[in-house]
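These notes concern the structure reproduced below.
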Amino acid sequence: MRDLINRRTKIRKWIFVTSVAAMLLICLILFQGYAVDKMMGVIGGPSAVVINRLSIVSSFISQISKIRTLAAENISFRDENMRLLSQIVSQVKLEEENLYLRQLLELPLPVDRKRIEAGVFNIQLTPKGHIILLNVGVNSGVSEDDIVISQSGVVIGIVKEVFNNYSRVMIVTDPDLKITVELSSGVSAMARGAYDDGILLDFISQSDEIANGDLVKTEGNDLFPRGLLVGKVKSVTTDNSSLFKQVRVKPAIDDIRLSRVIVLGQR
Amino acid sequence: MIISLFFAFFLILENLLLPSLIGPKIIIITQIFLLSIFIFGKKRSAVFIQAGIFSAGEEFFLGMRLGTIFIPIFITGLFYLWINNFIEFRSGLQDSSGFRVVIIAGIVLAFLYYLYSWIYIYIGSSFNAMNSWVGFMNLLDVKMIIGVFLWSGFSCLLWKYVLYK
Chain A
1 MRDLINRRTK
11 IRKWIFVTSV
21 AAMLLICLIL
31 FQGYAVDKMM
41 GVIGGPSAVV
51 INRLSIVSSF
61 ISQISKIRTL
71 AAENISFRDE
81 NMRLLSQIVS
91 QVKLEEENLY
101 LRQLLELPLP
111 VDRKRIEAGV
121 FNIQLTPKGH
131 IILLNVGVNS
141 GVSEDDIVIS
151 QSGVVIGIVK
161 EVFNNYSRVM
171 IVTDPDLKIT
181 VELSSGVSAM
191 ARGAYDDGIL
201 LDFISQSDEI
211 ANGDLVKTEG
221 NDLFPRGLLV
231 GKVKSVTTDN
241 SSLFKQVRVK
251 PAIDDIRLSR
261 VIVLGQR
Chain B
268 MIISLFFAFF
278 LILENLLLPS
288 LIGPKIIIIT
298 QIFLLSIFIF
308 GKKRSAVFIQ
318 AGIFSAGEEF
328 FLGMRLGTIF
338 IPIFITGLFY
348 LWINNFIEFR
358 SGLQDSSGFR
368 VVIIAGIVLA
378 FLYYLYSWIY
388 IYIGSSFNAM
398 NSWVGFMNLL
408 DVKMIIGVFL
418 WSGFSCLLWK
428 YVLYK
């Protein structure tokens with residue numbers, strides 16, 4: 001009897017639970033749209049605020065990461081810029097070197113003379129004349145009486161004293177330096193320095209025809225090779241009572257940069 | 268101290284800056300400045316020490332042998348001070364002021380520079396009087412004389428109105 005009662009109670013419970021579940025299912029199916037709408041209405045506002053705040057935080061985080069990336073990019077661009085700048089500098093240096101070598105190739109220099117590149121680091125006037133100091137000496141193969149010219153073929157002077165690491169050069173405006181020269185008109189003469197007056201030409205007879213602007217080049221009868229530019233005739237004074245003309249020459253050394261020179265060694 | 272600074276500045280100006288700007292011209296600042304120490308220097312013994320240190324510094328800077336500048340400067344200074352035993356114009360040049368004094372000091376300084384140059388050339392040409400005379404004659408060019416006189420005047424003005432004060 002008791003078993004029967006228990007079985008009935010169980011069956012009633014099951015029917016109750018099933019009917020409640022069925023009712024809930026029916027309600028859910030019938031009022032789903034409405035319920036969702038209501039629920040969204042309740043949680044929509046706060047969640048939108050939360051989402052908005054979260055999106056700000058997320059955009060801030062992404063900005064930070066972007067800044068980090070930008071900084072890294074900036075560093076790499078700077079490195080790139082420096083690399084390109086150094087490339088430009090080396091290219092300019094190469095161009096200068098190229099020009100220098102081209103000019104050197106075009107010079108009428110004897111092939112059997114060694115050429116030493118040098119830099120000028122001091123120009124001085126002593127009572128004995130104008131002197132320049134070169135940054136090459138015995139260690140670089142320079143010896144006394146070597147010729148110093150510019151890369152454009154202008155005579156600068158002659159090495160008078162050589163030390164281990166530097167040498168002293170007497171330049172063309174020094175009165176002690178004498179060079180045999182030839183003018184563009186074919187006249188030969190002896191050039192000697194005259195300090196600020198430039199260069200004077202000796203032994204030009206009154207009958208020799210010389211005009212202002214005539215080029216003065218080395219003749220090649222002394223230590224200097226033939227065809228190097230010495231200067232340009234500046235003034236010619238004719239005096240019939242004198243045996244020779246007085247000719248002043250503007251040294252070409254005045255118009256060149258004296259920073260880089262070539263030392264022509266002996267044969 | 269200020270004299271040393273001026274000397275260092277002139278040394279660089281004469282041997283590096285001006286020649287690289289205008290080329291090899293007549294620029295004689297340091298030697299004239301050194302000689303003016305003898306004219307405007309206060310104590311006789313101190314001027315030799317000062318001139319000695321400066322000339323040794325210049326020799327070092329110009330890559331010259333020791334004594335190349337110092338010996339001619341020393342002899343010239345000695346000559347000037349010796350002359351002053353007979354004709355006392357050192358104190359007159361130091362104490363008086365005015366344009367006339369500057370001109371006279373400029374002439375004295377120019378004369379001392381030429382004396383120094385002759386001694387320099389004479390020693391440099393192995394004591395050959397004839398060769399040194401030929402070399403010295405080159406310095407008697409008009410442009411050179413004007414250049415020496417102008418630099419002397421400049422040095423006198425500097426000493427009288429800037430350094431000697």
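The listed protein sequences correspond, in order, to chains A and B. The first sequence begins at 1 in this note's numbering and counts up by one. The second sequence begins at 268 in this note's numbering and counts up by one. Note that the Cβ used here is the ideal one computed from N, Cα and C, for glycine as well.
Buried versus exposed call for residue i [16 or more other C-beta atoms within 10 Å across all chains shown]
| i | result |
| --- | --- |
| A/C27 | exposed |
| A/N74 | exposed |
| A/E144 | exposed |
| A/D214 | buried |
| B/Y480 | Chain B is shown only over 268 to 432; residue 480 of chain B falls outside these bounds and no answer can be derived. |
| B/W385 | buried |
| A/P110 | exposed |
| B/G359 | exposed |
| A/S65 | exposed |
| B/L407 | exposed |
| A/K38 | exposed |
| A/I149 | buried |
| A/V159 | buried |
| A/I56 | exposed |
| A/I268 | Look at the range of chain A in this structure, 1 to 267, and you will see that residue 268 of chain A is not part of it. |
| B/G414 | buried |
Whole-angstrom distance between residue j and residue i, CA atom to CA atom
| i | j | result |
| --- | --- | --- |
| A/D174 | A/N212 | 22 Å |
| B/V368 | B/S399 | 32 Å |
| B/V375 | B/L301 | 14 Å |
| A/G193 | B/I412 | 17 Å |
| A/G129 | A/V169 | 10 Å |
| B/I340 | A/Q206 | 44 Å |
| B/I316 | B/L278 | 18 Å |
| A/E161 | B/E281 | 21 Å |
| A/G46 | A/R53 | The displayed chain sequence assigns Pro, not Gly, to residue 46 of chain A. Distance between the alpha carbons of A/P46 and A/R53 is about 11 Å. |
| A/M190 | B/F416 | 31 Å |
| A/V249 | A/T238 | 15 Å |
| B/I269 | B/A372 | 21 Å |
| A/T270 | A/A48 | This structure does not reach residue 270 of chain A, given that chain A is present from 1 up to 267, and the question cannot be answered. |
| A/I5 | A/T18 | 20 Å |
| A/S86 | A/K93 | 10 Å |
| A/S76 | A/Q91 | 22 Å |
| A/I61 | B/L284 | 59 Å |
| B/G391 | B/M331 | 12 Å |
| B/A377 | A/R83 | 57 Å |
| A/I29 | A/R12 | 25 Å |
| A/F245 | A/L200 | Note on residue identity: the sequence assigns Lys, not Phe, to residue 245 of chain A. Looking at the two C-alpha atoms, the distance is approximately 10 Å. |
| A/N98 | A/K217 | 26 Å |
| A/Q63 | A/I51 | 18 Å |
| A/R68 | A/S58 | 15 Å |
| A/F31 | A/R2 | 43 Å |
| B/V401 | B/S364 | 38 Å |
| A/V236 | B/S312 | 53 Å |
| A/V20 | A/Y34 | 20 Å |
| A/R227 | B/N395 | Looking at the sequence shown, residue 227 of chain A is not Arg but Gly. Using only the alpha carbons, I get a separation of about 35 Å. |
| A/E96 | B/Q361 | 55 Å |
CB of residue i within 7 Å of CB of residue j, strictly
| i | j | result |
| --- | --- | --- |
| B/F307 | B/W426 | yes |
| A/L264 | A/I147 | yes |
| B/Y383 | B/T343 | yes |
| A/P251 | A/G198 | yes |
| A/L133 | A/Y166 | yes |
| A/V247 | A/I204 | yes |
| A/E219 | A/S188 | yes |
| B/K410 | A/D196 | yes |
| A/R260 | A/G119 | yes |
| B/F321 | B/F366 | no |
| B/Y325 | B/I338 | For the record, residue 325 of chain B in the displayed sequence is Glu; it is not Tyr. Not closer than 7 Å, so no. |
| B/V239 | B/F327 | No statement about residue 239 of chain B is possible, as the shown extent of chain B runs from 268 to 432 and does not include it. |
Assumed close pair residue i, residue j - CB separation to whole angstroms, cut-off 8 Å
| i | j | result |
| --- | --- | --- |
| A/F121 | A/N135 | 5 Å |
| B/L333 | B/A318 | Not a contact, Cβ separation roughly 15 Å. |
| A/I171 | A/I262 | No, A/I171 and A/I262 are not in contact; Cβ-Cβ is about 14 Å, not under 8 Å. |
| B/I299 | B/S422 | 5 Å |
Any non-hydrogen atom of the ligand ZN within 6 Å of residue i CB
| i | result |
| --- | --- |
| A/D214 | Only the bare structure without any ligand can be found here, which leaves the ligand ZN out of the picture. |
*Does the region 286-298 of chain B come within contact of the region 117-125 of chain A, defined as at least 3 CB pairs closer than 8 Å?*
In short, these stretches touch, since the Cβ pair count reaches three.
*For the 8 Å Cβ check, are there 3 or more pairs between the region 149-158 of chain A and the region 247-260 of chain A?*
As far as the Cβ criterion goes, the region 149-158 of chain A touches the region 247-260 of chain A, which means the pair count is three or higher.
*asked:* Across the region 181-190 of chain A and the region 217-231 of chain A, are there enough close Cβ pairs to call them in contact, namely three or more that are closer than 8 Å?
replied: The region 181-190 of chain A makes contact with the region 217-231 of chain A; the number of CB pairs closer than 8 Å reaches 3 or more.
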